[in-house]
Amino acid sequence: MTTKASTAKKRSKTKVAAKEVVNGKKTLALQIQNLPIGKIKPDPKQPRKTFDEKQLVQLSESIKTYGVLQPITVRQMNGHYVIVMGERRYRSSKLASKKTIPCIVKNYENNDVLEVQIIENLQRKDVEPTEEAEAIAYLSEKYAPTEIAKRLGRTDNFIRQRLKLAGLIDGFKHFVRNGEMTISLGVGVALFEPEEQQMMLETMGEDFNAHQINRMIKDQTYDLEKASFDVTDKKLVPKVGSCVECPFNVANQGNLFGEGKMVCTKAACFETKKSKSFLNLIEKSKKENILLIPEIRQYWADDESNQLIISQLKKNGLKVYLLDDVEIIENPIEPTIETIQEEYQHYDYSEDELKAELDEAMQNHNEALEEYNSAKENGFVNGILFHPETYRNKEVFIKIVEKSKDESTDYSAPLANRKMADCTPEEQIVKINEREIRKKQIENNKQFEEVVQMIRETKYINTKKTLSMDEMVAFSISLFENNVDYMSQQKYFSKFLGDTSKMTKVEMVENFKKKFKKEEIWAVDIFNYVKEDNNQRKFFEHCITFKGRALSIIWEE
4 MTTKASTAKK RSKTKVAAKE VVNGKKTLAL QIQNLPIGKI KPDPKQPRKT
54 FDEKQLVQLS ESIKTYGVLQ PITVRQMNGH YVIVMGERRY RSSKLASKKT
104 IPCIVKNYEN NDVLEVQIIE NLQRKDVEPT EEAEAIAYLS EKYAPTEIAK
154 RLGRTDNFIR QRLKLAGLID GFKHFVRNGE MTISLGVGVA LFEPEEQQMM
204 LETMGEDFNA HQINRMIKDQ TYDLEKASFD VTDKKLVPKV GSCVECPFNV
254 ANQGNLFGEG KMVCTKAACF ETKKSKSFLN LIEKSKKENI LLIPEIRQYW
304 ADDESNQLII SQLKKNGLKV YLLDDVEIIE NPIEPTIETI QEEYQHYDYS
354 EDELKAELDE AMQNHNEALE EYNSAKENGF VNGILFHPET YRNKEVFIKI
404 VEKSKDESTD YSAPLANRKM ADCTPEEQIV KINEREIRKK QIENNKQFEE
454 VVQMIRETKY INTKKTLSMD EMVAFSISLF ENNVDYMSQQ KYFSKFLGDT
504 SKMTKVEMVE NFKKKFKKEE IWAVDIFNYV KEDNNQRKFF EHCITFKGRA
554 LSIIWEE
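In the working numbering, each number is its position in the sequence shown, counted from 1, plus 3.
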């Protein structure tokens, strides 16, 4: 009895055969062998490159106590064995000073080995993202994304995102591996061609800067839902076809920006289509004999980009009218309870209060609709209003404002470039006023810089307490006055701040504090406006001045 028992025990250490039933017969399926660790080697082509040393040590402690519970898979090659699956268990067994390790010996073709290793690695939860992306990219040479998703138990969108991440250049992959760069940001950069990625990397410099990268992505991607042209038009630029079928539309690379979200990553193509759509708009205006009005006021007509639009209109034989020269009636949009809820989402309004707002909005809408319907009877004609940067446009009714003989609508020469002697008396007054305004701006900026320097020399910026009411008001007003232009002040913030041009500084502060307590969301509106206006440096300059560490969080949100 003793001899038989010891023989059975000895055999269990060498080979254990498992059987499976095939066509009603039992056949040998697996052989588990305890092989000497010295005869086993890792596969140099193994797609997994990183192993967590702490986890290896923890596993080795478990192996010392319980042994290797799941055998590794190897294949025989040139008198030794090469690991197919289980290198982590192999490494931990060596740390545990084991002489042998349970193995399953299998025969594989070279390509099959790599595929098995990739799939085995991808089924783990701790795969390094860039390794995972590269492995999925290898599988994509043989399988469609949907098939890979089924094999790995992942969603199609996950696979497509990893495939896109695989296209990230090595300089950025480094930041993903060390955790400085999020996967989503890596996917965003990988939307661009390698040459463009390299330019972004060189622009950023040695230190990783997520805000700068986000800004570059935003500057070089275009929301096709807001395009000024028909994205389904194949004939707008025949050589590239429609946007809906374009490979540079991220919607055709998987839902990287959300379900069905169409975003263009080919800046040159987008700008070409935008310019072509503007020329088509000009041709439509000439053919149908309707007025084409840019959303430009005379005050900003001298701006270089606006001058380009004005010169383009004149070059194509159109009479130039700006917003100051016309009255415009737009087709009003009927309000709904949903639009009212969205407009007042930051206010603690009851259902009755929201309904009252809707009733008032509906009354205003009916009055505007009546004015719109009777526009032609009141001397208005058909026209098109367009944005000078995006070229997005809408049909409106327009009436030209009658001007005195001294007034002119010739905007060919910028006022700032004309000599005082060449200007009309009215223009001379404007130039003098502009000089005074500019002089005050320079003085204000100089004073602000002095305040910044003074505060930097104190311990104030390191204070971690929440901003007081006075500090928050000071920060908001400073941001408002230094970074929001006059037209935007009137357009976006007049309802909250009133007409600041007619207030003393004391009145402005008191009015702001009164409203600020009741409707703090307006301060956030100012922050968001400055951020969206690409004024990041000035925003942070203010943040540094008014407890920058706390306020810089606003930017990240």
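We put the CB at the ideal spot given by N, CA and C, even for glycine. None of these values were measured; they are calculated from a predicted model.
In the DSSP annotation of this structure, the continuous segment of the alpha helix (DSSP H) that includes histidine 214 starts and ends at 213 to 223. Taking the Cα positions, arginine 218 is about 26 Å away from serine 280.
For the options Glu307, Val253 and Tyr225, the alpha carbon positioned closest to that of phenylalanine 273 is the one of Tyr225. Its Cα nearest to that of glutamate 330, the residue Leu295 stands out among Asp129, Leu295 and Ile75. Our two residues, isoleucine 75 and lysine 176, have alpha carbons roughly 31 Å apart in a direct line. With at least 16 other beta carbons inside 10 angstroms of its own, isoleucine 313 counts as buried. Within the same chain, Asn124 come within 7 Å of valine 130 by CB-CB distance, once the 5 residues on both sides are set aside.
Cβ contact annotation for leucine 326 (same chain, cutoff 6 Å, sequence separation greater than five): Arg300, in chain order. The alpha carbon of arginine 163 has as its nearest neighbour, out of Phe178, Glu183, Leu142 and Asp173, the alpha carbon of Leu142. Under the three-pair Cβ rule at 8 Å, the stretch 57 to 71 does not count as touching the stretch 136 to 151.
When the Cα atoms are used, lysine 397 and glutamine 310 turn out to be separated by approximately 22 Å. Within the same chain, Cβ atoms closer than 8 Å to the Cβ of lysine 277 are found at Ala230, Ser231, Phe232, Thr393 and Tyr394, the five residues on either side in sequence being excluded. Partner residues in the beta bridge of tyrosine 84, as assigned by DSSP, are Ile43 and Gln79. At a Cβ-Cβ threshold of 8 Å, proline 39 and lysine 102 count as neighbours. In this chain, the alpha helix (DSSP H) harbouring asparagine 283 covers 270 to 291. Shown here for proline 50: same chain residues with a beta carbon closer than 8 Å to its own, the five before and five after excluded, namely Leu117, Gln120, Ile121, Asn124, Glu134, Glu137, Ala138 and Tyr141 in chain order. Contact between the stretch 44 to 63 and the stretch 85 to 104 is established, with three or more Cβ pairs separated by less than 8 Å. Taking the C-beta atoms as reference points, glutamine 215 is found no nearer than 8 Å to isoleucine 172. For isoleucine 435, the number of other beta carbons within 10 angstroms of its own is below 16, and it is reported as exposed. For glycine 386, the uninterrupted beta strand (DSSP E) segment begins and ends at 384 to 389. In this structure, valine 87 and arginine 78 form a Cβ contact; the two beta carbons are roughly 6 Å apart against a cut-off of 8 Å. For isoleucine 66, no beta strand (DSSP E) run applies; the uninterrupted alpha helix (DSSP H) run containing it begins and ends at 56 to 69, by DSSP.
Rounded to the nearest whole angstrom, the CA to CA distance from aspartate 159 to lysine 264 is 16 Å. Threonine 268 sits close to valine 253, with the two beta carbons spaced by under 8 Å.
Ranked by Cα distance from glycine 89, the first of Glu341, Gln73, Gly82 and Met80 is Gln73. One thing to note: glutamate 298 has its Cβ within 8 Å of the Cβ of phenylalanine 389. The Cβ-Cβ distance between isoleucine 104 and isoleucine 186 does not fall below 8 Å. A direct Cα-Cα distance of roughly 14 Å separates glycine 244 from asparagine 255. For proline 197, the enclosing alpha helix (DSSP H) has its first and last residue at 197 to 207.
If you check the CB distance, leucine 168 and alanine 193 come in under 8 Å. When rounded, the separation of the alpha-carbon atoms in asparagine 37 and isoleucine 107 is 9 Å. The C-beta of tyrosine 84 has 16 or more other C-beta atoms within 10 Å across all chains shown, which makes the residue buried. DSSP lists Ile332 and Asn385 as the beta-bridge partner residues of phenylalanine 400.
Within a 10 Å sphere around the beta-carbon of methionine 80 sit fewer than 16 other beta-carbons, which makes this residue exposed.
Between the beta-carbon of isoleucine 343 and that of leucine 357 there is about 6 Å, and that keeps the pair under the 8 Å contact cut.
With respect to leucine 204, glycine 170 sits apart: the two C-beta atoms are not nearer than 8 Å.
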